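In full-length UniProt numbering, the protein residues as written are 1 to 434.
In structure tokens, the structure reads:
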């Protein structure tokens, strides 16, 4: 009896081995398997050979599992049914022998199914899900040997399976669908929620996906915020603006701000020993690099790297300057805000003053405002907070005026208007939009 039980345990363990192998191999990271194979890992090489033909691999596993299950069922029914009937008869149960034989087979099958499901399927598969790589590699040799032994039967099953799939209108040779961007985003979101991926890492990866959908115009410094130098002004006037603003590059314009004639590099400017207009124009003024404002950020990034340009002037469809953009701006679009010394001199565009009140500049991104205030705003219609407020009042504000308005659960008090654009304002959340 003990020997029979031991043999039954062995068969259940075999079932467990192949059940766990199936889940482990299917769950293993393909990129990691490819890397191990390229590094010459023998187990990984065997595993790669098995998984090159998924249909044959699954057929091999199924043959092994089915065989182990069939043998355990047949063995249990043959060796345990008769002793069970004898025990029941000795107990004096008044039931015909034929009925007891049938009942004993049913009872043994139910008990065997329970132990097979728990110890031969569920537990091994749960372990395999958590230890996919180590289990898959450790069982690679066994699986490879079994696949060679069962090759004739597996070939027959594979041909039969492919034939049925073709009858159902499914191409068995079709390649699997590639992982989509949306699927990666979903995995990132799930990983971030579970804490396996840090929030800043998730943000950077999301920014990478958004990069090729973002235009240079969305990242640039808009023309109304660009500090430019007039070609006709004196060097003293130039230096006053440079000292007060502390930027490295300044567009130099001729007749008007749309007529950019050069880019002043302040490093070269202050390295020039002879401070005359002629020497400055010769040694510190660079030829402007113009790009269309609708150029995608990823394309512009590659172009600036290749051409070794740090600074670009964006041109709209009418040939006017719409703004300026630097490699620094593009990097911030990928990794978030980067510190610069002049940042200490600039007040933030969105500043929280108490629980429900913020000071907001008109140049702030409406998307950033919505995130900071944790409310829903029409970010698909407006890029900036200025555009949003102007639409609320239904007009272009006059320079120097101030006003108040209310919309989307916000009480907005505008304090300054500069060049018909909103400067400073105070925003109070009175009701969050659901």
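Backbone N, C-alpha and C define an ideal beta-carbon position, used for all residues, glycine too. Every value quoted in this text rests on a predicted model; they were computed, and no experiment measured them.
- Counting along the chain, the unbroken beta strand (DSSP E) around residue 352 starts and ends at 350-354.
- Boundaries of the beta strand (DSSP E) harbouring residue 322: 321-326, taken from the DSSP string.
- Put simply, of 159, 264 and 72 the residue whose alpha carbon is nearest the alpha carbon of residue 277 is 264.
- In the DSSP assignment, residue 285 forms a beta bridge with 264.
- Per the coordinates, the alpha-carbon of residue 137 lies some 27 Å from the alpha-carbon of residue 188.
- The beta carbon of residue 309 is closer than 7 Å to those of 289 in its chain, skipping five residues each way along the sequence.
- Ranking 106, 56 and 123 by CA distance to the CA of residue 154 puts 56 first.
- DSSP, reduced to helix, strand and coil, places residue 48 within a helical segment of the structure shown.
- The three-state secondary structure of residue 407, taken from DSSP, is strand.
- Inclusion of residue 262 and residue 285 in the CB contact set at 8 Å is warranted, their separation being smaller than that value.
- Along the length of the segment 143-206, whole alpha helix (DSSP H) runs at least 4 residues long occupy 151-167 and 181-194, reported in chain order.
- Annotated three-state conformation of residue 214 is coil, per DSSP.
- From the listed residues 105, 225 and 112, the smallest Cα separation to residue 422 is found for 225.
- Buried is the label assigned to residue 321, since at least 16 other Cβ atoms lie within 10 Å of its Cβ.
- Residue 69 counts as buried, since at least 16 other C-beta atoms from the protein chains shown sit within 10 angstroms of its C-beta.
- A distance of 8 Å or more separates the beta carbons of residue 427 and residue 375.
- Residue 102 and residue 183 have their alpha carbons spaced roughly 52 Å apart.
- Taking 8 Å as the upper bound for CB-CB distance, residue 19 and residue 130 are not in contact here, some 14 Å apart.
- Residues 293, 294, 295, 296 and 297 of the same chain have their beta carbon placed closer than 8 Å to that of residue 215, with the five preceding and five following residues left out of the count.
- Excluding the 5 residues flanking it on each side, residue 323 has same chain C-beta neighbours closer than 6 Å at 220, 221, 222, 223 and 314, in chain order.
- The alpha carbon of residue 48 has as its nearest neighbour, out of 205, 30, 104 and 384, the alpha carbon of 30.
- Within 10 angstroms of the beta-carbon of residue 329 lie 16 or more other beta-carbons, which makes it buried.
- Just measuring C-alpha positions, the residue of 317, 316, 291 and 318 sitting nearest residue 307 is 291.
- Less than 8 Å divides the Cβ of residue 147 from the Cβ of residue 60.
- Following the DSSP letters along the chain, one finds residue 314 inside the beta strand (DSSP E) bounded by residues 311-315.
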